[in-house]
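Quick notes on the structure that follows.
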Amino acid sequence: MKKHRIFTTAFSSVYPHYITKAEKKGRTKEEVDTIIRWLTGYDQESLQEHLDKKTDFETFFEEAPQINPNVSKIKGVICGYRVEEIEDELMQKIRYLDKLIDELARGKKMEKILRE
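Okay, so the sequence shown: first residue is 1004 according to our numbering, each after it adds one.
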């Protein structure tokens, strides 16, 4: 079975779009980074290393230190799919990130986004 194109796409090529989406709505790059670190367990230094190495999404999530145990609290629709029902584990992680960035851009408070 052929891999979905996003799996082999460099995370660093999509990352600026996350920032642009957030900044258009008055949010910050730091908040985007906080969300990514919360979801994946990376620290800022290792996140930056992956951006610099142009790591693809598959490797980025495979090497993530720890996917946050609260991801099961992320619910809702992104790109026409309910994130909690996506069967492909990697695609689900990517869509979790998309959903969190969407929530940030919609003005949700960080405590709610990070499921605190």
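Every residue gets a Cβ at the ideal spot worked out from N, C-alpha and C, and that includes glycine.
Own chain partners of residue i with C-beta closer than 7 angstroms, once the 5 adjacent residues on each side are dropped
i: Y1018; result: L1054
Spatial distance of residue i from residue j (CA atoms)
i: Q1047; j: G1110; result: 23 angstroms
i: F1064; j: A1025; result: 21 angstroms
i: Y1099; j: F1010; result: 14 angstroms
i: S1049; j: N1071; result: 16 angstroms
i: D1105; j: K1027; result: 12 angstroms
i: P1068; j: H1007; result: 23 angstroms
i: I1038; j: S1075; result: 15 angstroms
i: E1066; j: K1078; result: 24 angstroms
i: F1060; j: A1013; result: 6 angstroms
i: R1030; j: K1056; result: 26 angstroms
i: S1015; j: T1058; result: 7 angstroms
i: A1108; j: C1082; result: 15 angstroms
Neighbourhood of residue i by C-beta, 6 angstroms cutoff - its chain only, sequence neighbours within 5 removed
i: E1088; result: none
i: H1020; result: none
i: R1096; result: Residue identity differs from the one stated: residue 1096 is Lys in this sequence, not Arg. If we look at K1096 and ignore the five residues flanking it on each side, its Cβ neighbours are F1064.
Continuous alpha helix (DSSP H) stretch holding residue i: start and end
i: H1020; result: F1014 to K1027
i: T1043; result: K1032 to T1043
i: A1108; result: E1092 to A1108
i: D1055; result: Q1047 to K1056
i: F1063; result: F1060 to E1065
i: K1115; result: M1113 to I1116
Assigned exposure category for residue i - 16 Cβ within 10 Å defines buried
i: R1085; result: exposed
i: K1115; result: exposed
i: T1043; result: buried
i: V1080; result: exposed
i: K1102; result: buried
Cutoff 9 angstroms: residue i Cβ touching any chain C Cβ
i: E1088; result: The structure shown contains no chain C; it holds only a single protein chain.
Contacting residues, own chain, Cβ-Cβ under 8 angstroms from residue i (five flanking each side not counted)
i: I1022; result: K1032 and V1035
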